[in-house]
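First the structure, in the form of structure tokens, and then the observations on it.
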Amino acid sequence: MTALWQGMISFITSAFSTLDYIAVNLTVLTWLGIGWIIENPPKSNPSVTKLVAEYRRDWMVTFLHRTPRIFDAQILNGLRQGTAFLASTSILTIGGLFAVLGNPEPLRDVVKGFDVETAPLLIWQIKLGLVGVFLVMAFLKFVWANRLFGYCSVIMASVPNSPDEPHALPRAKMAGEINIRAAMNFNRGLRSMYFALTSIAWLVHPAALITACVLTAWTLYAREFKSLSRQLMEDRAEAR
0 MTALWQGMIS FITSAFSTLD YIAVNLTVLT WLGIGWIIEN PPKSNPSVTK
50 LVAEYRRDWM VTFLHRTPRI FDAQILNGLR QGTAFLASTS ILTIGGLFAV
100 LGNPEPLRDV VKGFDVETAP LLIWQIKLGL VGVFLVMAFL KFVWANRLFG
150 YCSVIMASVP NSPDEPHALP RAKMAGEINI RAAMNFNRGL RSMYFALTSI
200 AWLVHPAALI TACVLTAWTL YAREFKSLSR QLMEDRAEAR
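Going by numbering that gives the first Met the number 0, the residue at position 56 of the sequence shown is 55; the numbering climbs one at a time, nothing skipped.
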């Protein structure tokens, strides 16, 4: 058994180039790095995620004084449906990926003409495994986000109808923080799906993976810090 593992490790080490290792490491580090930047931006330049978090806190304070509260329940239900849909999509994609991992031969036709048709099937399976890792991360984040939105709905239901009750405001604020945590995990799941798609480029060439990684990182950064929607939210936040 030890000899088998040693032979497999030796095969994998010789099968991948230095550029392959650079591309994979860059992809993983970029995935982690862009997430950290989005969730921990400087106060002078908040991300969309941080701006929306403040609106979520405002929502819970407004919710406290709204009668009836059916509107708030409908919004939360919509958020839960979105996470449930993407969690279902992720698990279906993972199932499809396992099917391809079991029979990667059809992939030769997909990348025909890219001069990779002679690659051993094990190499193809390892490359698809990177896609699988990001998909599994996305699924886990979506499931946890869905559950947190469920916790939020229970806490919101426990908020007294009268805003003058001593524990009404603290519970509303607690619901807001849980809502923010749910949204954070939802966004992490989305980023994982972005990088799952990015990882498919490795099937073509490690340089293609590096290019796709840079484009994905820029897309995520631009949407969080350079988009028109962000500017509108920031203007409204400053006008309060």
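Every residue gets a Cβ at the ideal spot worked out from N, C-alpha and C, and that includes glycine.
Within a 10 Å sphere around the beta-carbon of Val23 sit 16 or more other beta-carbons, which makes this residue buried.
Contact between Phe185 and Phe141 holds, with the beta-carbon distance rounding to 7 Å and staying under 8 Å. Two segments are said to touch when three or more pairs of C-beta atoms, one from each, lie closer than 8 Å; by this definition the region 192-211 does not touch the region 147-157. Boundaries of the alpha helix (DSSP H) harbouring Leu121: Leu120 to Ala156, taken from the DSSP string. Apart from the 5 residues on each side of it in sequence, Cys212 sits with its Cβ closer than 7 Å to the Cβ of Leu25, Thr26, Thr29 and Thr197 in its chain, given in chain order. Put simply, the backbone Cα of Met173 is about 11 Å away from that of His166. Here the region 176-185 makes no contact with the region 116-131; the two share fewer than three CB pairs at distances below 8 Å. Annotation for Arg170: Ile154, Ser157 and Val158 place their beta carbon closer than 7 Å to its own, counting only its chain and skipping 5 residues before and after. Between Thr48 and Glu164, the gap from beta carbon to beta carbon reaches 8 Å or more. Note on Trp217: under 16 other CB atoms within 10 angstroms of its CB, so exposed under the neighbour-count rule.
Taking a C-beta distance under 8 Å as the contact criterion, Phe62 and Arg55 do not qualify as a contact pair.
Burial state of Ser152 is buried, judged by a 10 Å Cβ sphere holding 16 or more other Cβ atoms. Counting the other CB atoms within 10 Å of its CB gives Tyr20 a total below 16, which places it among the exposed residues.
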